[in-house]
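Presented below is the structure to which this report refers.
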Amino acid sequence: MTALAARGGAIGVGTHPYSSSGQPTTTTTTKLPPRPKRPSEPKPTEIPLEQLKKNPKFRKLSSRWTKLIFALPVAIVSSYALWEKYDEQQAYQAALQAKRSLQDSSGIATTTATTTTTVDNVKPVSTETTK
16 MTALAARGGA
26 IGVGTHPYSS
36 SGQPTTTTTT
46 KLPPRPKRPS
56 EPKPTEIPLE
66 QLKKNPKFRK
76 LSSRWTKLIF
86 ALPVAIVSSY
96 ALWEKYDEQQ
106 AYQAALQAKR
116 SLQDSSGIAT
126 TTATTTTTVD
136 NVKPVSTETT
146 K
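Read left to right, the sequence shown gives residues 16 to 146 (this note's numbering).
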């Protein structure tokens with residue numbers, strides 16, 4: 016039961032609960048004519064493939080779908096392989112840091128880095144020696 020019906024008014028007719036005048040408000044509704052139906056296009060499953068291949072909209076969607084089907088497996092496998100390499104690098108860095116902290120705390124060995132270059136002027140190669 017609505018608040019208006021509780022005060023003795025009919026549902027949808029009467030005063031608005033928030034109006035200051037207390038006068039009955041009436042609303043008129045106009046009925047709109049039904050919308051004309053557009054001629055429906057046939058579904059893509061109802062059109063022959065040769066005719067579909069000529070449709071530029073179908074060709075564009077088909078090309079996008081094909082690219083997606085081929086790209087997803089490559090992206091998934093590549094991301095997995097890169098994650099594996101990242102995980103291995105993190106484990107290697109953690110082991111190397113633990114080894115260095117053990118060596119620093121025990122004071123047994125110190126490492127010095129020497130840099131050598133190749134004859135072809137390629138990237139310098141770093142080698143570590145232990146004293």
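All C-beta atoms, glycine included, are put in the ideal place defined by N, C-alpha and C.
| Query | Result |
| --- | --- |
| Going by the beta-carbon positions, is the gap between Pro54 and Leu67 smaller than 9 Å? | no |
| By how many angstroms is the C-alpha of Ala106 removed from the C-alpha of Lys100? | 10 Å |
| Run through DSSP, which three-state label would Ile91 get? | helix |
| State the start and end residues of the unbroken alpha helix (DSSP H) segment that holds Leu64. | Leu64 to Lys69 |
| Roughly how many whole angstroms lie between the Cα atoms of Ala113 and Phe73? | 59 Å |
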